[in-house]
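Below you'll find the structure, written out as structure tokens, and then a few comments.
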Amino acid sequence: MRIVNRLILLAFALLGLFILLGRPFVGVYTDYLWFHDLGFERVFLLKFWLQSLLFFVVAAFVGGLFYLNGRLVHQSASKGGAFADFFDPRFRVWLGEKFRLFLKVLALFLAIMLGLSAMPFWEDALLFVKATPFGKTDPLLGLDISFYVFRLPFLRYLANLTFALWVLCAGFGLFIFLVLGHIKTSYEKKLILTTPFRRYLALMLALFFLRLAFDLWLDRADLLFDERGVVFGAGFTEAKVVLPVLNALVFVSLAAAVLSAIFVFRPRKEILFGLIIAYAGLYFVGLNFLPGVVHRYIVQPNELEREKKYLAYEIAATREAFGLDKVDEQEFKFGPPLTKEILARNQDTIKNIRLWDHEPLLDTFSQIQEIRTYYKFISVDNDRYQINNELRQVMLSARELSYEDLPSRSWINERLVYTHGYGLTLGVVNEVTEEGLPKLLIKDIPPVSECDIKITQPAIYFGEISNEYVIVRTKAREFDYPAGEKNVYTSYNGKTGVKVGSPLRRLLFTMRFGSSKILLSGDITSESKILYYRSVAERVRKAAPFIIFDTDPYLVISKEGHLFWFVDGYTVSNRYPYARRVEGVGNYVRNSVLAVVDAYNGTISFYLKDPHDPIIRTYAKIFPGMFQPINELAPDLRKHIRYPHKLFFLQARLFGAYHMEDPRVFYNREDLWEIPRSLKGDGRYMKPYYTIMKLPGEKRAEFILMIPFNPAKKHNLAAWMCVRCDPENYGQMLVYRFPKQKLVYGPQQIESRINQDPEISRQLSLWDQRGSRVILGTLLIIPIEGNLLYVQPLYLKAEAGQIPELKRVIVAYENEIRMERTLDEALNAIFGEIKKKTPAQAERLEKQLVPALKPIFELYLQAEEALKKGNLEEFGRLWRKMGELLEENK
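Mapped onto this note's numbering, the consecutive letters of the sequence shown carry residue numbers 568 to 1457.
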């Protein structure tokens, strides 16, 4: 009977252990299968083995030292201890009889706990070992930037680990000595310690000072991230007072450690106590009292002069850390006033002015192109394509499957039948139908194309919508797309997917996803595959956990008609010396990686967008072959790389302050710029917008991302900033400053003028009274040949309906404002009828006119400059020369 009971208990124990450890094991193993399926098993295995190595090394180190400390202390304390018990006498008996067992259990427990706490630091340990030099040093300590970015975080962890171990060992040793009677109180109320106890305290004090010296040495590096005062990083007080005190304390701590060790052999408590008192005095006076006095009475009365050098450090470091040091600043040169002829030769810009905002367009797509309730458009992406031999800016959106909206949410429907989304919708940014809806070039199910872009593989198994898993290649037919009264079915033939047909695999995935149907379903065969981590953002984060990925993937169509998701990846750090920190980001960022995910196959490829970034170079050394040069991306896909708008917005906000490189100007905020805010009442910043335009001095239009600046607390324009997106000039940032002596209207001023226009205001009020809601779109600023054109779309959304319609386009130029049904009508109302040129005509006209007009325009600029200087004689000479050239080219 006893044997049976023992077997039952053993069975329950094994079952409990399986429940406790089985699920984590299943999660780890099925993750390994996923990494292996994608060819990234090195990422998984390296992380797994490094975490395991850290666990065992730290556990062995902590457990071994703690156990050795306990044994030696117990042996030493057991020989003496003649004083009265400080604790209950039963403690002494217990420590004598069961001490070894207690010590082993406690050491094992602490080893496991601190070993587990070390596992998250696997990446810090790896970067510490594989660090790549930045080739730049900080201005205060002269250390390479790589020390702060790669080595300092792991050194901080080691400092914290050794302190925790010291506290545990010292606390446990103190407890043993107290229990075994090595301290008592004399009649004079003085504490009397035995010799072994004094020596132990001296030894632990020596170790404490040794560790403290290491900690203080690291504190020197932390000064470069100090956020107090006007400087981010070490200012005058930190450099002239705190740093010398820390240097002194490092040497004092080392001296204290040596004297404490000597005390073990030759006890002289006067020297030891004197050293501790001197150390405490230096610490509190040098690090708490003196810096405040210096800052208040030396720095603050003449703050700019004292901090000027350190402000220059902050400005230079922040510009370097956020990639602002390579911004090309130019003066915006105003050209001749816009005419219909100028607009005619800039049709590449005019026909790509975006009239559809993302939010109204997403609502419209949802209403006219979702087709079925279970399809959903998540976001609208902005891109450019060659459409019928013309470069056009387009808005496109993937039609994904929404599992929450399935007509019947059974396990079979969610996991076996409805497995993927289907197709997309694409339209150019500035064309509308007569009803005010976007003109679609790709639409419907299956995709119907009205241009030379064809979709040959419209199935979307991997997209922006997160769904836990689906199982493909089963006996159940996969729904492909609806077709009238019947549905079309398909079977997944993609490259990825973990096989799930065997009984063991089915059991594993049953445990992972908590569904017994995976184990019991008769539809699953030996050829069946399971697809999980299907959300694009989650998929790339899982494959490369050390990269920060953008939360907004965008869809790209290849020349073969396949769909791909592009996801921008960033390398970040919050340890770049003197660089200003941004909440949620850090103080260093590079758009180093582009992840490309096949929407049908689920394969992931990583490409280097910034191969010069030391952080991504370090990861490339750690994971050889994982990152490919961007030139290896297929040329037709490489044409659709774009600069991330979130990163550009961050850089633009910082540039508003850090374009001031003179510390005096920066300190006084004399030329601070701000991104314009909306007048709609929400107070949000204007968002950067993509557009196709011809930059000043360039011969052809290109895809750029741009945003304007206002002077601080003013509404006129100070400058506009753009970044080039086409591969040949990718990432080049340009800033065009406006002359300070000339008023250039900003977005808020134009919006105010639009609201004050009697005709427009009357029309808006009339529409609002007829059960419709007026939605004013984003006001776009379009530079054209030294002039600024302002364009704002206007949408109407009926209260009874849900489809926003583009009803009017407002165009402003100088003192003219017009609101018409289309952009062309608004432009014609201001400039007269514009004769559009075909691409061939425009190219031919450009070749004829540009060479002839260039010297005339240069003379015009010289004449304008002479007039500003009051040199009328030079102005007259240049004016006559312009006339002669015009006569020659008549």
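Even glycine gets a Cβ: it sits at the ideal position worked out from N, Cα and C.
For this session: Have a look at K671 and A773 and give me their C-alpha separation to the nearest angstrom.
Result: Stepping through the sequence shown from its first residue, residue 671 is reached at position 104. Stepping through the sequence shown from its first residue, residue 773 is reached at position 206. Looking at the two C-alpha atoms, the distance is approximately 26 angstroms.
Exercise. With which residues is F1116 paired in a DSSP beta bridge?
Worked result: Position 549 of the sequence shown holds residue 1116. Note: F1116 sits in a beta bridge opposite G1136.
For this session: Consult DSSP for Q1408 and reduce its assignment to one of helix, strand or coil.
Result: Here residue 1408 is taken as the residue at index 841 of the sequence shown, counted from 1. For Q1408, the predicted model reports a pLDDT of 49, less than 50, meaning its position is unreliable; a value from the coordinates is still stated below. Correct three-state label for Q1408: helix.
Exercise. Grouping DSSP H, G and I as helix and E and B as strand, with all else coil, what is V1065?
Worked result: Indexing the sequence shown from 1 puts residue 1065 at position 498. Three-state DSSP puts V1065 in a strand.
Problem set entry | Rounded straight-line distance, which links the Cα of G606 to that of G631 | Residue mapping note: residue 631 aligns to position 64 of the sequence shown, counting from 1. Residue mapping note: residue 606 aligns to position 39 of the sequence shown, counting from 1. If you take the alpha carbons of G631 and G606, they lie about 39 angstroms apart.
For this session: With DSSP as the reference, label G1437 as helix, strand or coil.
Result: Residue 1437 sits at position 870 when you count from the first residue of the sequence shown. DSSP places G1437 in coil when its eight states are reduced to three.
For this session: Express the C-alpha separation of V1160 and F695 in angstroms, rounding to a whole number.
Result: Reading the sequence shown from its first residue, position 128 is the one you call residue 695. Reading the sequence shown from its first residue, position 593 is the one you call residue 1160. So the alpha carbons of these two residues sit roughly 21 angstroms apart.
Exercise. Looking only at DSSP bridge pairs, what is S1172 linked to?
Worked result: Here the question's residue 1172 lines up with position 605 in the sequence shown. According to DSSP, which records beta bridges pairwise, S1172 is partnered with V1163.
For this session: Let me know the secondary structure DSSP gives G988 once reduced to three states.
Result: By 1-based counting over the sequence shown, the position of residue 988 is 421. Here G988 sits in strand by DSSP.
For this session: Under 6 angstroms Cβ to Cβ from E1441, same chain only, skipping five residues before and after it: list those, please.
Result: Stepping through the sequence shown from its first residue, residue 1441 is reached at position 874. Result list for E1441: A1433, in chain order.
Exercise. Between the Cα of T804 and the Cα atoms of S820, L1087, Y877, which residue gives the shortest distance?
Worked result: Within the sequence shown, numbered from 1, the residue matching residue 804 stands at position 237. T804 has its Cα closest to that of Y877, out of S820, L1087, Y877.
Problem set entry | Euclidean distance between Cα positions of K1096 and L1087 | By one-based count along the sequence shown, residue 1096 stands at place 529. By one-based count along the sequence shown, residue 1087 stands at place 520. Going by the C-alpha atoms only, they are around 16 angstroms apart.
For this session: Starting from the C-beta of A824, find all residues in its chain whose C-beta is less than 6 angstroms away, skip the five residues before and the five after it, and write them out in chain order.
Result: Within the sequence shown, numbered from 1, the residue matching residue 824 stands at position 257. Counting only Cβ-Cβ distances below 6 angstroms, and skipping sequence neighbours, we find A773, F776, L777.
For this session: On a CA-only basis, which of R1291, N1296, L1284 is nearest Q1308? Give me that one, please.
Result: Locating residue 1308 in the sequence shown gives position 741, where the first residue counts as 1. Of the candidates R1291, N1296, L1284, the one whose C-alpha sits nearest the C-alpha of Q1308 is L1284.
Exercise. CB K1109 to CB I1032, shorter than 8 angstroms?
Worked result: Looking up residue 1109 in the sequence shown gives position 542. Looking up residue 1032 in the sequence shown gives position 465. Result no, Cβ atoms of K1109 and I1032 do not sit closer than 8 angstroms.
For this session: Using 10 angstroms around the beta-carbon of A627, count the other beta-carbons present and answer buried if the total reaches 16, otherwise exposed.
Result: On the sequence shown, residue 627 is found 60 positions in, with the first residue counted as 1. With fewer than 16 Cβ atoms within 10 Å of its Cβ, A627 is classed as exposed.
Exercise. If you drop the 5 nearest sequence neighbours on each side, which residues of the same chain put their C-beta closer than 7 angstroms to that of G1399?
Worked result: Along the sequence shown, read from residue 1 onward, the residue named residue 1399 stands at position 832. Taken in chain order, the residues that qualify are K907.
For this session: Determine the extent of the beta strand (DSSP E) in which N645 is found, giving its start and end residues.
Result: The residue labelled residue 645 in the question sits at position 78 within the sequence shown. In the sequence as displayed, the identity of residue 645 is Ser instead of Asn. Note, S645: premise wrong, no beta strand (DSSP E); alpha helix (DSSP H) at 608–646.
For this session: Have a look at G1151, E1052, N1296, Y1056 and flag the residue whose alpha-carbon is nearest the alpha-carbon of F1046.
Result: As a first step, residue 1046 is located in the sequence shown; it is residue number 479 there, counting from the start. It is Y1056.
Exercise. Do you know whose CA, among F744, L1007, P1120, H862, lies nearest H1207's CA?
Worked result: Taking the sequence shown and counting its residues from 1, one reaches residue 1207 at position 640. Considering only alpha carbons, the answer is P1120.
Exercise. Out of P858, L1075, F1131, Q897, which has the shortest C-alpha to C-alpha gap to G990?
Worked result: By one-based count along the sequence shown, residue 990 stands at place 423. Out of P858, L1075, F1131, Q897, F1131 has the C-alpha closest to the C-alpha of G990.
For this session: Answer with buried or exposed for N636, where buried requires no fewer than 16 other C-beta atoms within 10 angstroms of its C-beta.
Result: Walking along the sequence shown from the start, residue 636 turns up at place 69. It is buried - the Cβ of N636 has at least 16 other Cβ atoms within 10 Å.
Exercise. For Y596, is the classification buried or exposed, using 16 other Cβ atoms within 10 angstroms of its Cβ as the cut-off for buried?
Worked result: Taking the first residue of the sequence shown as position 1, residue 596 is located at position 29. Its Cβ having fewer than 16 others within 10 Å, Y596 is exposed.
Exercise. Which value, in whole angstroms, describes the spacing of the CA atoms of I679 and V625?
Worked result: Translated into positions along the sequence shown, residue 679 becomes position 112. Translated into positions along the sequence shown, residue 625 becomes position 58. The alpha-carbon atoms of I679 and V625 are separated by roughly 9 angstroms.
Problem set entry | Inter-residue Cα distance where the pair is I1271 and I935 | Your numbering for residue 1271 matches position 704 in the sequence shown. Your numbering for residue 935 matches position 368 in the sequence shown. Rounded to the nearest angstrom, the two C-alpha atoms are 30 angstroms apart.
For this session: Counting only the same chain and skipping the five closest in sequence on each side, list residues whose C-beta sits under 6 angstroms from that of T1345.
Result: In the sequence shown, the residue the question calls residue 1345 occupies position 778. Cβ neighbours of T1345 beyond the five flanking positions: D924.
Exercise. Distance, Cα to Cα, L1412 vs E1431?
Worked result: Locating residue 1412 in the sequence shown gives position 845, where the first residue counts as 1. Locating residue 1431 in the sequence shown gives position 864, where the first residue counts as 1. With a pLDDT of only 48 at L1412, under 50, the local geometry of the prediction cannot be trusted, and the value read off the model is given with reservation. Rounded to whole angstroms, L1412 to E1431 spans 27 angstroms at the Cα level.
Exercise. Which whole-angstrom value is the C-beta distance of R1142 and Y880, which I expect to be below 8 angstroms?
Worked result: Counting from 1 along the sequence shown, the entry for residue 1142 is found at position 575. Counting from 1 along the sequence shown, the entry for residue 880 is found at position 313. 15 angstroms between Cβ atoms; not a contact.
For this session: Find out if the Cβ-Cβ distance for the pair F1029, F1305 is shorter than 8 angstroms.
Result: For this step, residue 1029 is matched to residue 462 along the sequence shown. For this step, residue 1305 is matched to residue 738 along the sequence shown. Cβ atoms of F1029 and F1305: not closer than 8 angstroms.
Problem set entry | For S1332, the first and last residue of its enclosing beta strand (DSSP E) | Position 765 of the sequence shown, counted from the first residue, corresponds to residue 1332. Segment 1325–1335 is the alpha helix (DSSP H) holding S1332; no beta strand (DSSP E) there.
Problem set entry | As assigned by DSSP and simplified to three states, the class of N855 | As a working mapping, residue 855 is identified with position 288 in the sequence shown. Residue state, collapsed to three classes: helix.
Exercise. Helix, strand or coil for M1449 per DSSP?
Worked result: Numbered from 1 along the sequence shown, position 882 holds the residue referred to as residue 1449. Looking at M1449 - three-state DSSP - the assignment turns out to be helix.
Problem set entry | Beta-bridge partners of Q897, as assigned by DSSP | Here residue 897 refers to the residue found at position 330 of the sequence shown. For Q897, which the question treats as bridged, DSSP gives the partners Y1303.
Exercise. So M1288 and F1194 are in contact, right, with Cβ under 8 angstroms, and what is the actual spacing, rounded?
Worked result: Taking the sequence shown and counting its residues from 1, one reaches residue 1288 at position 721. Taking the sequence shown and counting its residues from 1, one reaches residue 1194 at position 627. Not confirmed; about 29 angstroms, so no contact.
For this session: Put S1245 into one of helix, strand or coil per three-state DSSP.
Result: Taking the sequence shown and counting its residues from 1, one reaches residue 1245 at position 678. Three-state DSSP puts S1245 in coil, outside helix and strand.
Problem set entry | Length at least 3, wholly inside the region 752–824: the beta strand (DSSP E) runs in chain order | 758–760
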